[in-house]
Amino acid sequence: MQKILLYFLVLFTGTFGVFERIQAQSSVQGAQTKEPDKSPSNKHSPTRLLEIGVGPTAYKGDLASQYRKWSSAFYVGVKFNRKHRVNGHLNLAIGSITGQNPSYVFTGESETTPTPNLYFKTTFFSLNYDLQINLVKTPRWIVYVSQGIGFMRYNPKDEYGNDFQNQLNTRAANETYGSISAILPTQAGVIYLLPNGYGAGIQGGWLNTQTDYLDNISQWGNRSKKDNALWVKFQFIVPLTF
């Protein structure tokens, strides 16, 4: 976990530093060749921002009581940046979530001998819309919290890549589930924008899934809560002009 976060942090800060140096050089050259641009577009943040990001994801459920086994995800989003206090945001994510507990044992009552899976990995696709409340918003800095609603598609598999939905012996009798769940993501983030509208940011939060089957375990689970996922996104910002 620490190595993964360190890798993404180094990548993020390194690229961010390059952006700053390029912008500084451009500003110096521009100042030497022409008068500063005093148009309104140079004084305000872009009204739409394209976000492209990557980052680690972690799962919490019956096979993991804490967020400690990490995978990764890719993100594309659009931030509507017109308002000062509240703005909309659309986000698409594609990634994976995994968990494992070789010593897991169901401690509840069961009519048959429980044989739950001890490992799972699921790829997921999610799409959500959220409202971002800006705690701080200046032409260069945006600090926000957000609450969203959306859906995710998931498909837990075993270590051999076989779907768990078809392995009825891993669940209680007559226990079935679908592959789509509602999500209510809660997040917070920081964005830094250069004067030209490009920038970088970091965002983190919880997926807040409405399913107990990310890990294929529910009735033979020792937890009463739904499965959840934590994701951290390191993102690069591109202004949209259309």
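Numbered by my numbering, the letters in the sequence shown go through residues 879 to 1120 in order.
Positions of the beta carbon are idealized from the N, C-alpha and C atoms, including for glycine.
- Between the beta-carbon of residue 994 and that of residue 1098 there is about 4 Å, and that keeps the pair under the 8 Å contact cut.
- Under DSSP, residue 1066 shares a beta bridge with 1023 and 1082.
- Within the DSSP bridge table, the entry for residue 1103 names no partner.
- C-alpha of residue 1018 to C-alpha of residue 924: approximately 11 Å in a straight line.
- Within 10 angstroms of the beta-carbon of residue 1103 lie fewer than 16 other beta-carbons, which makes it exposed.
- Spatial neighbours of residue 1076 in its own chain (CB-CB distance under 7 Å, excluding positions within 5 residues in sequence) are listed in chain order as 897, 1115, 1116 and 1117.
- A distance of 8 Å or more separates the beta carbons of residue 975 and residue 1066.
- As DSSP reads the structure, residue 1035 sits in a beta bridge with 999 and 1041.
- The C-alpha of residue 969 lies about 15 Å from the C-alpha of residue 1069.
- Remark: C-beta atoms of residue 1028 and residue 1055 do not approach each other more closely than 8 Å.
- Residue 986 places its beta carbon 8 Å or farther from that of residue 967.
- Cβ atoms of residue 1101 and residue 940 come within 8 Å of each other, at about 5 Å.
- Residue 977 and residue 1093 do touch by the CB rule: their CB atoms are close to 5 Å apart, below 8 Å.
- Residue pairing for residue 949: DSSP places it in a beta bridge opposite 935.
- Judged by DSSP secondary structure, residue 974 falls within the beta strand (DSSP E) whose first and last residues are 964-978.
- In the three-state DSSP reduction, residue 1048 falls in the helix class (H, G or I).
- In this structure, DSSP gives residue 1059 an extended state, which the three-state scheme calls strand.
- A Cβ-Cβ contact shorter than 8 Å links residue 997 with residue 1036.
- Within the DSSP secondary-structure output, residue 1004 pairs in a beta bridge with 971 and 1030.
- For residue 929, the secondary structure class from DSSP, reduced to helix, strand or coil, is strand.
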